[in-house]
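Reading through the structure tokens given below for one structure.
2 protein chains.
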Amino acid sequence: MELSKIEKFIDKQKVSFICSIDEENHPNVKAMLKPRKRNGLKEFYFSTNTSSMRVKQYKNNPNASIYFYHKGLLKYVGVMLKGKMEVLTDQETKNLIWKKGDIIFYKKGVTDPDYCVLKFTTENGRYYCDLKTENFDIQ
Amino acid sequence: MELSKIEKFIDKQKVSFICSIDEENHPNVKAMLKPRKRNGLKEFYFSTNTSSMRVKQYKNNPNASIYFYHKGLLKYVGVMLKGKMEVLTDQETKNLIWKKGDIIFYKKGVTDPDYCVLKFTTENGRYYCDLKTENFDIQ
Chain A
1 MELSKIEKFI
11 DKQKVSFICS
21 IDEENHPNVK
31 AMLKPRKRNG
41 LKEFYFSTNT
51 SSMRVKQYKN
61 NPNASIYFYH
71 KGLLKYVGVM
81 LKGKMEVLTD
91 QETKNLIWKK
101 GDIIFYKKGV
111 TDPDYCVLKF
121 TTENGRYYCD
131 LKTENFDIQ
Chain B
1001 MELSKIEKFI
1011 DKQKVSFICS
1021 IDEENHPNVK
1031 AMLKPRKRNG
1041 LKEFYFSTNT
1051 SSMRVKQYKN
1061 NPNASIYFYH
1071 KGLLKYVGVM
1081 LKGKMEVLTD
1091 QETKNLIWKK
1101 GDIIFYKKGV
1111 TDPDYCVLKF
1121 TTENGRYYCD
1131 LKTENFDIQ
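From first to last, the protein sequence lines are chains A and B. Start counting the first sequence at 1; every next residue gets the next number (my numbering). Start counting the second sequence at 1001; every next residue gets the next number (my numbering).
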């Protein structure tokens, strides 16, 4: 599996799934909009609410995974990336991924204290297609 | 939110997502076929390979969540159930959820040692729709 093919696959998906570990040591998962920005397969940026449950969880425990999948008529493809999630609230990063339409979610705009950025950094990944699984590392 | 509506929502989904915690204390997620059987919102049965990574993880740490979601044109609905996952290998349970077509995945049929059952028992849940979230307990 070429990593460039995985990048193309991820770019085609409209939804991503982000996983965290909660205070009771249970895995949690949530569908999110696709990442706003990525650097190869190494870094992914998502926008979210500073007050959200997920932000609290990642501050307590940065261990995370993100997941992309597509179920077609004939085959199913899934990519899980494992790594760490950071919660970024600096204005520079907030500006970086802000889109005009975000005002629906963050009434005070790009400086809204309830708007922040989740930055995921990949350590390794797992690719699934047609009953076959392949692990890969990300440098 | 009425729980019966959540049950109907879950029955409509073709895919479920199951979450576990791996040996390095990272959350993992994987898309699976829909559960083969459920008792209300309390118990869910999935078929899987005894040799799979997920089975190993649940034996080490039964903390789990399962997730169902649907993204429509106008709204997005997600349901996360948190609880425990058991790995069942007794023949009675294996018979319970076996379907003829499973022979594709388990060549030796319903007694195949590589065929087993994941039984999820719910403790509580979280329902998301249209930017609103609601927690609920399952008795």
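Where is the CB? At the ideal position from N, CA and C, for every residue including glycine.
>> Quick check: the Cα distance between residue 32 (chain A) and residue 118 (chain A), rounded to an integer number of angstroms?
In response: One C-alpha to the other measures close to 11 Å.
> With a cut-off of 9 Å, does the C-beta of residue 65 (chain A) fall near any C-beta of chain B?
Replying inline: Between residue 65 (chain A) and chain B, the shortest Cβ-Cβ separation is below 9 Å.
> residue 127 (chain A) versus chain B: which residues are under 9 Å apart at the beta carbon?
Replying inline: Residues of chain B passing the Cβ test: none, with the nearest at roughly 12 Å.
> Any beta-carbon of chain A closer than 9 Å to the one on residue 1113 (chain B)?
Replying inline: Using a CB distance cut-off of 9 Å, residue 1113 (chain B) does not count as an interface residue toward chain A.
> With burial defined as no fewer than 16 other Cβ atoms inside 10 Å of the residue's Cβ, what is the status of residue 1020 (chain B): buried or exposed?
Replying inline: Under this definition residue 1020 (chain B) is a buried residue.
>> Distance check for residue 1108 (chain B) and residue 1055 (chain B), CA to CA, integer angstroms please.
In response: Looking at the two C-alpha atoms, the distance is approximately 19 Å.
> If you measure from the beta carbon of residue 1051 (chain B) to each beta carbon in chain A, is any gap under 9 Å?
Replying inline: Not one chain A Cβ lies under 9 Å of residue 1051 (chain B).
> Short check: CB of residue 98 (chain A) to CB of residue 87 (chain A), under 9 Å?
Replying inline: No; because the gap between Cβ atoms is not below 9 Å, this pair is not in contact.
>> Please state whether the Cβ-Cβ distance between residue 42 (chain A) and residue 121 (chain A) is less than 9 Å.
In response: Cβ atoms of residue 42 (chain A) and residue 121 (chain A): closer than 9 Å.
>> Counting only Cβ-Cβ distances shorter than 7 Å, please list the residues of the stretch 15-27 of chain A near chain B, keeping chain order.
In response: For the stretch 15-27 of chain A, the residues whose beta carbon sits under 7 Å from a beta carbon of chain B are, in order, 15, 17, 19, 20, 21, 25, 26, 27.
>> Suppose contacts are defined by Cβ-Cβ distances below 9 Å. Is residue 1079 (chain B) in contact with residue 1138 (chain B) by that definition?
In response: In this structure, residue 1138 (chain B) does not lie closer than 9 Å to residue 1079 (chain B) by Cβ.
> Just reading off the beta strand (DSSP E) that residue 137 (chain A) is part of, what are its end residues?
Replying inline: Note, residue 137 (chain A): beta strand (DSSP E), 132-137.
> Using a Cβ-Cβ cut-off of 8 Å (strictly less than) and excluding sequence neighbours within five positions of residue 1013 (chain B), which residues of its own chain qualify?
Replying inline: Excluding positions up to five away in sequence, the list reads 1034, 1068, 1069, 1070.
>> Could you give the first and the last residue of the continuous beta strand (DSSP E) run that contains residue 110 (chain A)?
In response: Element bounds for residue 110 (chain A): n/a, residue is neither H nor E.
> Exposed or buried, which one is residue 82 (chain A) when buried takes at least 16 other CB atoms within 10 Å?
Replying inline: It counts as buried.
>> Going residue by residue through the stretch 8-58 of chain A, where are the continuous beta strand (DSSP E) segments of at least 3 residues, counting only ones entirely within it?
In response: Under the rule that a run must span 3 or more residues, the beta strand (DSSP E) segments found entirely inside the stretch 8-58 of chain A read 15-21, 27-33, 37-39, 43-49.
>> Against chain A, which members of the stretch 1025-1048 of chain B pass a CB distance test of less than 8 Å?
In response: With the criterion set as a beta carbon lying under 8 Å from some beta carbon of chain A, the members of the stretch 1025-1048 of chain B are 1025, 1026, 1027, 1028, 1029, 1030, 1031, in sequence order.
>> Here's the rule: buried if 16 or more other CB atoms are within 10 angstroms of the residue's CB, otherwise exposed. What is residue 18 (chain A)?
In response: With at least 16 other beta carbons inside 10 angstroms of its own, residue 18 (chain A) counts as buried.
>> The beta strand (DSSP E) that contains residue 66 (chain A), what's its start and end?
In response: Its beta strand (DSSP E) spans residues 63-71.
> How long is the line joining the alpha carbons of residue 1084 (chain B) and residue 15 (chain A), rounded to whole angstroms?
Replying inline: In a straight line, the C-alpha of residue 1084 (chain B) is about 26 Å away from that of residue 15 (chain A).
> Name the chain A residues whose beta carbon is nearer than 9 Å to that of residue 1080 (chain B)?
Replying inline: Among the residues of chain A, those whose CB is under 9 Å from the CB of residue 1080 (chain B) are 28, 29, 30, following chain order.
>> Tell me the rounded alpha-carbon separation between residue 1105 (chain B) and residue 1131 (chain B).
In response: So the alpha carbons of these two residues sit roughly 39 Å apart.
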